[in-house]
Structure formats: structure tokens, C-alpha cells
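Chemist: For reference, the structure I am asking about is given below.
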Amino acid sequence: MPKAEDPNAEIKGDAVFDLYGRFKSAGCQIDVDGESRFAAWGDRSWSDGGDLEKHVWSSLTPLEPTPIAAGEKGIVYRGGARAYFRCERPDLPPSPRNVSPAEVKIVELGLSANSAPRTQHVKDVLTTLMQQYVQFAKRELKCRNG
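Quick look at the structure:
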């Protein structure tokens with residue numbers, strides 16, 4: 009993150025990381041000098057991984073995404089990283105009739121550091137953070153296939 013003029017940072021976000029409770033997403037954000045400098049989020053996707061790549065991740069092409077070893081598929085790009093994985097949770101209630109059970113099991117994670125310098129070092133840090141985030145999410149979400 010760039011150096012702050014005012015050393016006070018504000019952290020905003022959800023108190024609990026649970027994508028299978030009341031909401032299907034969770035996240036946190038670090039603001040420095042009143043601007044978002046870093047964000048991490050997770051979302052239980054209503055689409056499968058292939059659909060996610062085709063309709064969402066394809067919009068990241070101008071940011072030159074590079075594959076990384078995180079989750080079932082991960083990418084790092086200028087200013088961020090994304091990964092998705094399948095989370096098996098046999099304890100979940102049945103899905104609504106209009107939602108495929110396969111879709112409910114897909115979890116997408118994202119990291120955003122848009123104000124970070126566009127360097128290989130930042131991409132390396134985002135890659136490592138995403139790998140750790142995937143492991144954290146699988147553990148916290150109690151994925152049986154983790």
C-alpha cells in the first residue's frame with residue numbers, strides 16, 4: 009500500500025466470515041486517508057466456475073490476468089487476485105428449486121489493491137495472499153473437501 013499522509017487507517021467489514029449464513033457474501037476493506045486501499049471479499053456464487061470465468065473474469069482481460077495455483081482456478085492481475093473453489097457442505101439445507109446444487113457449492117474470493125504499484129512484487133504478494141485466503145476460507149467455511 010502507498011504511504012499514508014495520515015497514519016490512521018480504518019477497517020470496515022463483516023464481523024464473521026460465513027457465506028452460508030444469513031448472507032452469501034462477506035468482506036472487509038482497509039481505508040487509508042479516507043480511500044479504500046485494500047479489500048478482501050468472498051461470495052457464494054450462483055453460477056458454476058466455468059460460467060464465472062466466462063461472464064465475470066473475462067472482463068478482467070485488460071488487466072492482464074495470469075493463472076495462479078489457488079483454489080480450483082485462480083488468477084492474479086494488476087491490482088488484484090481472484091480464485092474459486094467448490095465447497096462441499098453436507099449440512100446445508102436444500103437449495104431453492106431454481107438453483108442448481110452445483111452452483112451453491114462454488115465460492116469465489118477476491119482481493120483488491122488498486123492503489124498498489126504495478127510491479128511483479130505486488131503480483132507475487134497478491135498470489136501468496138490469495139493462496140492463504142483460499143486455505144482460510146475452506147477452514148472457516150468447514151468445507152469437507154478442503
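Residue 9 is where the sequence shown starts when you use our numbering, and the numbers rise one by one after that. The C-beta atom is built at its ideal place from N, Cα and C for all residues, glycine as well.
Cutting at 8 Å between CB atoms, please list the residues of its own chain near Leu60, excluding the five before and the five after it.
Modeler: Correct list, in chain order: Ser53, Tyr92, Ile114, Glu116.
Chemist: Taking only three categories from DSSP, how would you classify Gly58?
Modeler: The answer is helix: DSSP assigns Gly58 an H, G or I state.
Chemist: Around the C-beta of Ile19, are 16 or more other C-beta atoms found within 10 angstroms, so that it is buried, or is it exposed?
Modeler: That one is exposed.
Chemist: Let me confirm a value: Phe31 is counted as buried when at least 16 other C-beta atoms fall within 10 Å, else exposed. Which label applies?
Modeler: The residue in question, Phe31, is exposed, as its Cβ has fewer than 16 Cβ neighbours within 10 Å.
Chemist: Does the beta-carbon of Ala124 have 16 or more other beta-carbons within 10 angstroms, so that it is buried, or is it exposed?
Modeler: By the 10 Å Cβ count, Ala124 comes out buried.
Chemist: Enumerate in chain order the residues of its own chain whose CB-to-CB distance from Arg126 is below 6 Å, with the five nearest sequence positions on each side excluded.
Modeler: Hits under 6 Å: Arg86.
Chemist: Helix, strand or coil: which one does DSSP assign to Ser44?
Modeler: In the structure shown, Ser44 sits in a strand (DSSP, three-state: E or B).
Chemist: Tell me whether Arg5 sits in a helix, a strand or coil according to DSSP, three-state version.
Modeler: Any answer about residue 5 is impossible in this case: the structure gives the chain only from 9 up to 154.
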